[in-house]
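Residue numbers (the numbering used here): 339 to 914.
We put the CB at the ideal spot given by N, CA and C, even for glycine.
Have a look at the structure below before the remarks.
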């Protein structure tokens, strides 16, 4: 049950009965003295209807109380027209009883939509770097949550496997193969391979000429060139999959739809744009000028859809992809989890696609933008040499640091268990550090903060879960069917019960704007409230009825923590 919607619908229906249009706009109260929920929309509705807001609030409160025959909440009028709701312990107890029997913990299925999530999407010419962490983890979490809510999710890893950057790589591969060097060994370090090829391109004019020729040969699908290209792409995808598997990200080979998939569709897309009257030739290049997308000079910025040499830039491929997603896959929504620095690209893409009829008006194509990762000096996170930090190295570093923490906190654990725990804690820490931040903002990558057992971190939540399991292992609650078995007398019991019931709201809130940090914040607050409850409400030393009630509260808290972390792509531990 979504309590916010439940109360908002009741209050809005009563407003309608009073002859007033408008939503009651119910929100969770930020301060306990304002109840648990607060209706904030009465003043706006009163102004629109020409009514006194305080009097309308009084009339609304009276009508709500009149219909509140089961005494499920108390009502208080505050300020110029706010209405505060406090739910009864009996009502909360009934909801908890229902949640205990519900494998979905009260989260209802939504009306099914077909949603495509485009995330991660690395350039295969290089190894995945730390910058890919944001798109990968945020896209994965949103995909999981959308599926949990009943939507059909099509995951797409739109990898960059085509383009001029492959010229140097293929020329270098060709040179190595001629010298009978073991290509397989050379390709094990893609970053070093790319670096060597790039240096040769800058320093050796003959090599640079060969690289440019390989671009032409690749575009014409020369058999020898295609064999080299296929070998490189296969090796690069293998590297990517190792990262996904270790991170526990829900991407597989079947989700890969590379840029090259759209090669034979590019000319048709250009024709679509020409037929729509959108194309202008400028300096030999085919462009689309959009009045809606302005440059710094205030004039329309051009989107080059075909270069003067006949080549196709990224936007041409993305237009073909948009058309395929609209016309062939027939998606309702297409979500692009991509760096915010690509905002102009997506403004062009979506507007051109709509104007050319490549996507339907009823379809939602959305750029889910994310900020970048910064170092402690507030600059883009790079190596000391100024290069990109490999994501595989970040994972190794996090697991190593987690191992040191585990040895310090629980040195008596068997070595194999320490290894398992440090792997889960290390990987969960870097994922949660991403997911707990507002996706739209930049954030500072801080090892000490993300691996801390205090604060809004993965280790803190994982520890809270293990604490609950320890309590349950030493408890023996009955499994009776008494729906009144939850006894909520203590303030800490009520706060915990309410927070458990609000799980539905937190999950549904994530996909309103694709912000997993809202679920992270909820889980952190739940863990904090549980810790306070545990400190102030003895579980196993209470009289039987209270003990059983509190054990069941612990059990439900554990289930919510586990499910919430699972939706974020994070595994729990039974002990740490």
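Subject >> Per DSSP, cross-strand counterpart(s) of residue 620 >> reply: Residue 620 is bridged by DSSP to 623.
Original post:
Under a three-way DSSP split, which group does residue 915 fall into?
Top reply: Here the chain comprises residues numbered 339 to 914, so residue 915 is not present and cannot be evaluated.
Subject >> Residues near residue 536 by beta carbon distance below 7 Å, same chain, minus five either side >> reply: Same-chain partners within the cutoff: 506.
Original post:
Between residue 450 and residue 437, what straight-line distance do the alpha-carbon atoms span, to the nearest angstrom?
Top reply: Near 23 Å, if we compare the C-alpha coordinates of residue 437 and residue 450.
Original post:
Mind checking whether residue 346 and residue 368 have CB atoms under 8 Å apart?
Top reply: Cβ atoms of residue 346 and residue 368: not closer than 8 Å.
**OP:** Classify residue 787 as helix, strand or coil using the three-state DSSP reduction.
**Re:** DSSP places residue 787 in helix when its eight states are reduced to three.
Original post:
Near residue 482, which residues of its chain fall below 7 Å by C-beta distance, leaving aside the five closest residues on each side in sequence?
Top reply: Short of 7 Å from the beta carbon of residue 482, and not among the five residues preceding or following it, lie these beta carbons of its own chain, in chain order: 588, 905, 907.
Original post:
How should residue 343 be labelled, buried or exposed, when 16 other C-beta atoms within 10 angstroms of its C-beta is the threshold for buried?
Top reply: Flag for residue 343 reads exposed.
Original post:
If you count every other CB in all the chains shown that lies within 10 Å of the CB of residue 326, and 16 or more means buried, which is it?
Top reply: Because the chain here runs from 339 to 914, residue 326 falls outside it and cannot be looked at.
Original post:
Hey, out of 808, 861, 423, 733, whose CA is closest to residue 584's CA?
Top reply: Among 808, 861, 423, 733, the Cα nearest to that of residue 584 belongs to 733.
**OP:** Check the DSSP bridge columns for residue 632 and list the partner residues they point to.
**Re:** In the DSSP secondary-structure assignment, residue 632 is bridged to 638.
Original post:
Going by other Cβ atoms of all chains shown within 10 Å of its Cβ, with 16 needed for buried, is residue 576 buried or exposed?
Top reply: With fewer than 16 other Cβ atoms within 10 Å, it is exposed.
Original post:
Which residues mark the beginning and the end of the beta strand (DSSP E) in which residue 454 is found?
Top reply: 452 to 456 is the span of the beta strand (DSSP E), which, as asked, contains residue 454.
Original post:
If you count every other CB in all the chains shown that lies within 10 Å of the CB of residue 523, and 16 or more means buried, which is it?
Top reply: Burial state of residue 523 is exposed, judged by a 10 Å Cβ sphere holding fewer than 16 other Cβ atoms.
Original post:
Based on the DSSP output, what are the partners of residue 498 in its beta bridges?
Top reply: Residue 498 is bridged to 461.
Subject >> According to DSSP, residues forming a beta bridge with residue 676 >> reply: In DSSP, residue 676 forms a bridge with 707.
**OP:** Name the one or two DSSP bridge partners that residue 414 has.
**Re:** DSSP lists 422 as partners of residue 414.
Subject >> DSSP state of residue 699 mapped onto helix, strand, coil >> reply: DSSP, read as helix, strand or coil, puts residue 699 in coil.
Original post:
Helix or strand or just coil, what does DSSP make of residue 797?
Top reply: Residue state, collapsed to three classes: helix.
Subject >> Per DSSP, cross-strand counterpart(s) of residue 490 >> reply: According to DSSP, which records beta bridges pairwise, residue 490 is partnered with 452.
Subject >> Residue(s) in a DSSP beta bridge with residue 375 >> reply: In DSSP, residue 375 forms a bridge with 366, 423.
**OP:** Please name the residue or residues paired with residue 729 in a DSSP beta bridge.
**Re:** None; residue 729 has no bridge partner.
Subject >> Own chain, CB closer than 7 Å to residue 350, minus 5 neighbours either side, in chain order >> reply: Cβ neighbours of residue 350 within its own chain (closer than 7 Å, five residues either side excluded): 361, 362.
Subject >> Inter-stretch contact (C-beta, 8 Å, three-pair minimum) for the region 753 to 772 and the region 682 to 689 >> reply: Verdict: no, contact absent.
Original post:
Where does residue 781 fall in DSSP's three states?
Top reply: In the three-state reduction of the DSSP assignment, residue 781 falls in the strand class, which pools E and B.
Subject >> residue 391, enclosing alpha helix (DSSP H) - first and last residue >> reply: Per DSSP, the unbroken alpha helix (DSSP H) holding residue 391 starts and ends at 391 to 405.
Original post:
Can you tell which of 678, 696, 771 has the C-alpha that lies nearest to the C-alpha of residue 664?
Top reply: Selection 678, 696, 771 evaluated against residue 664 yields 696 as nearest (Cα-Cα).
**OP:** Just the C-alpha distance for residue 379 and residue 403, rounded to the nearest angstrom, thanks.
**Re:** For the pair residue 379 and residue 403, the Cα-to-Cα distance works out to about 18 Å.
Original post:
Would you call the CB atoms of residue 768 and residue 471 closer than 8 Å?
Top reply: Against a cut-off of 8 Å, the Cβ pair of residue 471 and residue 768 comes out as a contact.
**OP:** Would you give the residue range spanned by the alpha helix (DSSP H) that residue 686 belongs to?
**Re:** Counted as a single uninterrupted DSSP element, the alpha helix (DSSP H) harbouring residue 686 occupies residues 681 to 693.
Original post:
From which residue to which residue does the alpha helix (DSSP H) around residue 549 run?
Top reply: Boundaries of the alpha helix (DSSP H) harbouring residue 549: 543 to 557, taken from the DSSP string.
**OP:** With residue 662 as the anchor, note down where its alpha helix (DSSP H) starts and where it stops.
**Re:** Careful: residue 662 lies outside any alpha helix (DSSP H) and carries neither H nor E.
Original post:
Which residue from 531, 855, 887 puts its Cα closest to that of residue 428?
Top reply: Nearest of 531, 855, 887 to residue 428, Cα basis: 887.
Original post:
Where does residue 430 sit, in a helix, a strand or coil, going by DSSP?
Top reply: Residue 430 falls in the helix class under three-state DSSP.
Original post:
Nearest CA to the CA of residue 680: which residue from 710, 804, 386?
Top reply: Residue 710 holds the alpha-carbon nearest to the alpha-carbon of residue 680 among 710, 804, 386.
Original post:
Quick one: what's residue 467 bridged to in DSSP?
Top reply: Secondary-structure assignment with DSSP links residue 467 through a beta bridge to 728.
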